[in-house]
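Data block below; observations after.
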């Protein structure tokens, strides 16, 4: 029971720490490079702290440092591009990193408790990856729906232009094409 609680508490802490990028605000190339350098420096500092530890505590510390770096790099990429696909990568990085840390923490256990711990960690990862995939599908569905709406509105606008003649019709169709991004 305490293993499950510790695992869930670890996930909550990891989630709270990973909200450093609340929204995608595109960065300039120099800001991006500077942030990447900072993340690398943080990772090296975190690993140096881990070097002072022993046994599984050291392994857990190293896994946490790697997880922090992977999530930070994924968030940085999303901040730089603002693409929905990169947001999905952030969610995947968080899920995989949380699993790696949790699995490493399970190494302190033995026998059935260890097996249960690993299975719980894997179940949480699978759920998080499924949520990331669902988010990706929802994002794609929203884009598709927006495209469908735009196409429908374009067709209505062109139909309205059909009531006009000659130059007025031509300029009306051109305006509709420009408004709805059609060539």
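Residue numbers (the numbering used here): 9 to 191. Glycine residues also receive a C-beta, built at the ideal position from the N, C-alpha and C atoms. The structure displayed is predicted, hence computed values, not measured ones.
Where the alpha helix (DSSP H) through residue i begins and ends
{"i": "residue 84", "result": "63-89"}
{"i": "residue 41", "result": "37-58"}
{"i": "residue 116", "result": "Counting along the chain, residue 116 falls outside any alpha helix (DSSP H), and DSSP gives it neither H nor E."}
{"i": "residue 178", "result": "174-188"}
Residue from the options whose Cα sits closest to the Cα of residue i
{"i": "residue 75", "options": "185, 51, 35, 136", "result": "51"}
{"i": "residue 34", "options": "71, 42, 85, 58", "result": "85"}
{"i": "residue 128", "options": "54, 100, 113, 140", "result": "113"}
{"i": "residue 44", "options": "54, 178, 83", "result": "83"}
{"i": "residue 165", "options": "182, 154, 174, 173", "result": "182"}
{"i": "residue 141", "options": "120, 171, 95, 180", "result": "95"}
{"i": "residue 40", "options": "77, 53, 81, 67", "result": "81"}
{"i": "residue 155", "options": "190, 133, 122", "result": "190"}
{"i": "residue 58", "options": "69, 161, 178", "result": "69"}
{"i": "residue 161", "options": "135, 88, 185", "result": "185"}
{"i": "residue 214", "options": "176, 100, 64", "result": "The chain is shown only over 9 to 191; residue 214 falls outside these bounds and no answer can be derived."}
{"i": "residue 188", "options": "63, 163, 72, 173", "result": "163"}
Chain C within 8 Å of residue i, Cβ atoms only
{"i": "residue 121", "result": "The chain inventory of the structure shown lacks chain C, comprising one protein chain alone."}
Whole-number beta carbon distance between residue j and residue i, since they are thought to touch under 8 Å
{"i": "residue 79", "j": "residue 107", "result": "So it is not a contact: roughly 12 Å between Cβ atoms."}
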